[in-house]
Every structure is written in structure tokens, then in C-alpha cells.
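Asks: This is the structure, below, for whatever I ask next.
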Amino acid sequence: MTVYNCYMDFSKPDNARAINRLKVLSELRGGEYSRAELSRRVGINKVSIGDMIQDLIKEGLVTEGKKNSTTSGRPGTSVSINRTACRAFAFDIKPRAISVSVSDALGKVLRFERFPRNSETEELVQRSIEKMKGEDIFICGSAVTGYDGTFPASIFPQPTAFIPRVIAEASAELSINKELDGCLFLSWADSFDAAIMKGNLIHLPTLPHMKAQKDGLCSCGGKGCLEVAASGKALMDKTGALSVRDLVRNTGYASAIKEALKPIAMALSEAVQATAATSVIITGELSQIPDAAYTYLNGLLSSLLPPSRKITVARSAAGEKGTREGAATAALNLFFYKTDMLKKLETIENPGYVF
Numbered sequence: 640m641t642v643y644n645c646y647m648d649f650s651k652p653d654n655a656r657a658i659n660r661l662k663v664l665s666e667l668r669g670g671e672y673s674r675a676e677l678s679r680r681v682g683i684n685k686v687s688i689g690d691m692i693q694d695l696i697k698e699g700l701v702t703e704g705k706k707n708s709t710t711s712g713r714p715g716t717s718v719s720i721n722r723t724a725c726r727a728f729a730f731d732i733k734p735r736a737i738s739v740s741v742s743d744a745l746g747k748v749l750r751f752e753r754f755p756r757n758s759e760t761e762e763l764v765q766r767s768i769e770k771m772k773g774e775d776i777f778i779c780g781s782a783v784t785g786y787d788g789t790f791p792a793s794i795f796p797q798p799t800a801f802i803p804r805v806i807a808e809a810s811a812e813l814s815i816n817k818e819l820d821g822c823l824f825l826s827w828a829d830s831f832d833a834a835i836m837k838g839n840l841i842h843l844p845t846l847p848h849m850k851a852q853k854d855g856l857c858s859c860g861g862k863g864c865l866e867v868a869a870s871g872k873a874l875m876d877k878t879g880a881l882s883v884r885d886l887v888r889n890t891g892y893a894s895a896i897k898e899a900l901k902p903i904a905m906a907l908s909e910a911v912q913a914t915a916a917t918s919v920i921i922t923g924e925l926s927q928i929p930d931a932a933y934t935y936l937n938g939l940l941s942s943l944l945p946p947s948r949k950i951t952v953a954r955s956a957a958g959e960k961g962t963r964e965g966a967a968t969a970a971l972n973l974f975f976y977k978t979d980m981l982k983k984l985e986t987i988e989n990p991g992y993v994f
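Each residue of the sequence shown is one higher than the one before, counting from 640 in my numbering.
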């Protein structure tokens, strides 16, 4: 697959066609359309669309479907992304385990495996990758979350993007609900991380180190950080829980979870005002706490914010699968659909150039 440079010379026909192909693929990612509908939606003339679709079908990237009778005039045959056009890998590296998943061209997870961290992990991951690759299937790339440098990067199918886990989780939420501009995402698992959607996802790595209580020395050197007050690791140290999942599933830790919501509310009250966030979604394994805990957290946050700031904290819609689905989406965005590049192109002024 060709990697297209976002600073192409658009006067060159080959570059213009390459960008138009990406626009068509990105549009088809959202559903099935006839050639006439695609022409209207993408702004490319029908003849060019027809030629382009035929090429994409020959390459196996697009497939023809049923007759579409929703258009005016004679019904056209709908076309859509061929799910088997490529596969994207996602790897999530945690202190105790590594997960491997592979997804189709529309981001649907086809297979998922998790391996404990031990001397055999590297070999097991390599075997898993080979099984998931399949035969004669294009692998567009990989996205890795939680990478700590202790695992050989060469093992991941190339090209590889190393992304914060919260970015993957937020990407999964945005694939479910696109109306989340202004949303602050707080990833709550072994550790905290944060991002906000402001046109694009913006990583906020300092948020977990906002002061949330008086004491407790954090690894960053500060005292009373949210990380040391309420992260999964901090809660496991305090309660003796065996894992983050144990914290969620074992009702015996409910009081510890409730206590942790106080510093979380404190940090969020500062964060939403500093970032002008309009809503909050908690992602990560600890997002799956009971509804009653969210009611309590929203009450705490409301008491800390000015009356004019009405912010609702919601649970992740993607749940535990958010990390792997979001990482696969990120890999597809970067290496197959070139989503970020297309967004940048929209901001570049090109007098006289029309897609």
C-alpha cells in the first residue's frame, strides 16, 4: 500500500487520483453507497467515480452489493469496503499481561488473545501474530498501547504506531458517538491518563498528576497527585486486590472505590474548568464500576463546580473492548484510510485545485 505524503503536489494527476481514492475509501467506511451517491457525497464527477470504483474492485478494496433503490432515477448497484481488504493489529501491554488482537478493514475484531507476562510471552505473541495474519491478506500495520520499552518492538507487524491507551479508548468512543467534541476522556486502570476532543484528540498526560489530596508521594515527585490517590495500582496497594478486574468485580472493595471517587472528582473539577470540557467519559477497566458509583461521582463533581458549569460524567460505551477496538481504529486511520492526512489536506490552501 502506498504511503501518501500530505504535502503532495496536487497538480500531478497521480497525486490527485491517490487523494481521491482515499476520500472514496473514507466515505465508504461509513456505509454502502451507489456510484451516483458517492459522486455527490465526495464531490467527484460520475465518470471519475466509476473508473475509480472499478479499479478499487479489481484491487479487492471495494465490493459490489445489492441494487440501491433509494436514489432518484434508475437504481444503482451499491458498493462498500471489502472487509477482507486488510487487517490491522492491536497490542495492549500491561504490567501483568499482553493482549493481541486483529481486526478487519472496518475495525471489527476478528480474534483476540491475552498472555501473562513471563519468559514465554514473546514466543507466544509471535505465534499468535502468525496465526492471526492469515494467508495472502494485506496487513496494513499495528497500533501499540501501553508500550514500556521492555518488549521487542521488532515483533509488531510494520508499520507500527505507539499511542497512549487513552487515545485508543477515546477513538473507540468516537466511533460509537461522533458528537463528542469537547469531551474529556479519563482513562482509569492501573494508572490514569487523559485526553480531550477539540476537533482532534489531544493527549493530556499531566492531568493524572493534578493535586487531588494532601499527601502521598507520586513517582513524578509531586505529592497528592490523582495517580497516587486513586489509580488502580494505588487501590490494589491499599486493598490487597489481586488485579484491577478484582477491584471492579469484588463488592468487598466498594468502599475503597467510593473513597477513590473523591480525589477523582477533585481533579475533574479543576480539569473541566481548565480545558473548557463539556462532558466527561471514564474509560479503562475501572470505568465498569456500578451505576451507583457514577451517581455519587456526579454529585461530588456538581458540588465542586460553579453552578453555571453542568458537567455529566458517563461510563465508557465501548467497555473493556474499547482499548483493542480503538487501537485497531487508530491503525486503520493511520495506515489504510490516512484519516489524519485527509484532515490536514482540508486546511491546506490550494488555489485552483479541486478534488
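Glycine included, C-beta positions come from ideal geometry on N, C-alpha and C.
Who are residue 822's beta bridge partners in DSSP?
Replies: Bridge partners of residue 822: 918.
Asks: Spell out a yes or no on whether the region 942-955 and the region 973-981 are touching, meaning 3 or more CB-CB pairs, one atom from each, closer than 8 Å.
Replies: Counting Cβ pairs under 8 Å, fewer than three are found: no touch.
Asks: Among 775, 739, 908, 824, which one has its Cα closest to the Cα of residue 786?
Replies: The option with the nearest alpha carbon to residue 786 is 739.
Asks: Compare the Cα-Cα distances from residue 749 to each of 765, 755, 757, 723 and report the closest residue.
Replies: Minimum Cα distance to residue 749 is reached at 723.
Asks: For residue 941, write down the residues that DSSP places opposite it in a beta bridge.
Replies: Looking at the DSSP assignment, residue 941 forms no beta bridge with any residue, so it has no partner.
Asks: What do you reckon, are the CB atoms on residue 842 and residue 865 nearer than 8 Å?
Replies: Against a cut-off of 8 Å, the Cβ pair of residue 865 and residue 842 comes out as no contact.
Asks: With a cut-off of 8 Å, do at least 3 Cβ pairs link the region 754-761 to the region 773-785?
Replies: No, the region 754-761 does not touch the region 773-785.
Asks: Rounded to whole angstroms, how far is the Cβ of residue 742 from the Cβ of residue 752, which I believe are closer than 8 Å?
Replies: Contact flag wrong, Cβ pair sits at about 13 Å.
Asks: Is it right to say residue 815 is buried, meaning 16 or more other beta carbons lie within 10 angstroms of its own, or is it exposed?
Replies: Exposed, since its Cβ has fewer than 16 Cβ neighbours within 10 Å.
Asks: Per DSSP, which one or two residues make a beta bridge with residue 755?
Replies: DSSP lists 736 as partners of residue 755.
Asks: Taking C-alpha atoms, which residue in 704, 744, 831 lies nearest to residue 1036?
Replies: Residue 1036 lies beyond the range of the chain shown here (640 to 994); nothing can be said about it.
Asks: As a quick exercise: from 964, 983, 736, 655, pick the residue whose alpha carbon is nearest that of residue 813.
Replies: Minimum Cα distance to residue 813 is reached at 964.
Asks: Here's a check: name, in chain order, each residue in its chain whose Cβ is nearer than 7 Å to the Cβ of residue 597, leaving out the five neighbours to either side.
Replies: The question about residue 597 has no answer, for the chain in this structure spans 640 to 994.
Asks: Could you name the residues of the same chain whose beta carbon sits closer than 8 Å to that of residue 861, not counting the 5 residues immediately before and after it, in chain order?
Replies: Hits under 8 Å: 848, 850.
Asks: Pick helix, strand or coil for residue 680, following the three-state DSSP scheme.
Replies: Correct three-state label for residue 680: helix.
Asks: I'd like to check one pair, residue 718 with residue 671: are the Cβ atoms closer than 8 Å?
Replies: Going by C-beta atoms, residue 671 is nearer than 8 Å to residue 718.
Asks: Within the continuous alpha helix (DSSP H) that includes residue 837, where are the two ends?
Replies: No alpha helix (DSSP H) contains residue 837, which is instead part of the beta strand (DSSP E) from 831-837.
Asks: Go through its chain and collect everything with a Cβ distance to residue 916's Cβ below 8 Å, but skip five positions before and after it.
Replies: Hits under 8 Å: 821, 822, 823, 835, 910, 950.
Asks: Measuring alpha carbon to alpha carbon, tell me which residue in 956, 654, 912, 840 is nearest residue 941.
Replies: Looking at the Cα atoms, 912 is the closest of the given residues.
Asks: What does DSSP give as the partner residues of residue 720 in its beta bridges?
Replies: Partner(s): 701.
Asks: Please work out which residues of its chain come closer than 8 Å, Cβ to Cβ, to residue 666, disregarding the five sequence neighbours upstream and downstream, and give them in chain order.
Replies: Only 672, 677, 680, 681 meet the Cβ criterion.
Asks: Threshold first: 3 residues or longer. Then list the beta strand (DSSP E) segments lying entirely within the region 780-812, N to C.
Replies: Entirely contained in the region 780-812, the beta strand (DSSP E) runs reaching 3 residues are, in chain order, 799-802.
Asks: Which class does residue 975 belong to by DSSP, given the choice of helix, strand or coil?
Replies: In this structure, residue 975 counts as coil in the three-state DSSP scheme.
Asks: Provide the residue(s) that pair with residue 862 in DSSP beta bridges, ordered along the chain.
Replies: Answer is 856, bridged to residue 862.
Asks: Can you tell me whether residue 814 is helix, strand or coil according to DSSP?
Replies: Of the three classes helix, strand and coil, the one that applies to residue 814 here is helix, per DSSP.
Asks: With a 10 Å radius around its C-beta and 16 neighbouring C-beta atoms as the bar for buried, classify residue 746 as buried or exposed.
Replies: The residue is buried, with at least 16 neighbouring Cβ atoms inside 10 Å.
Asks: I'd like the span of the beta strand (DSSP E) that includes residue 954, first residue to last.
Replies: Unbroken beta strand (DSSP E) run through residue 954: 952-954.
Asks: Give me the Cα-Cα distance between residue 895 and residue 825, rounded to the nearest whole angstrom.
Replies: Approximately 19 Å between the Cα atoms of the pair.
Asks: Use the C-beta contact count for residue 810: other C-beta atoms within 10 angstroms, 16 or more gives buried, fewer gives exposed.
Replies: Flag for residue 810 reads buried.
Asks: Sort out for me which residues DSSP pairs residue 657 with in a bridge.
Replies: Residue 657 pairs with nothing; no bridge assigned.
Asks: Determine the closest residue to residue 882 out of 791, 929, 906, 735, with distance taken between C-alpha atoms.
Replies: Residue 735 is the option with its Cα nearest to residue 882.
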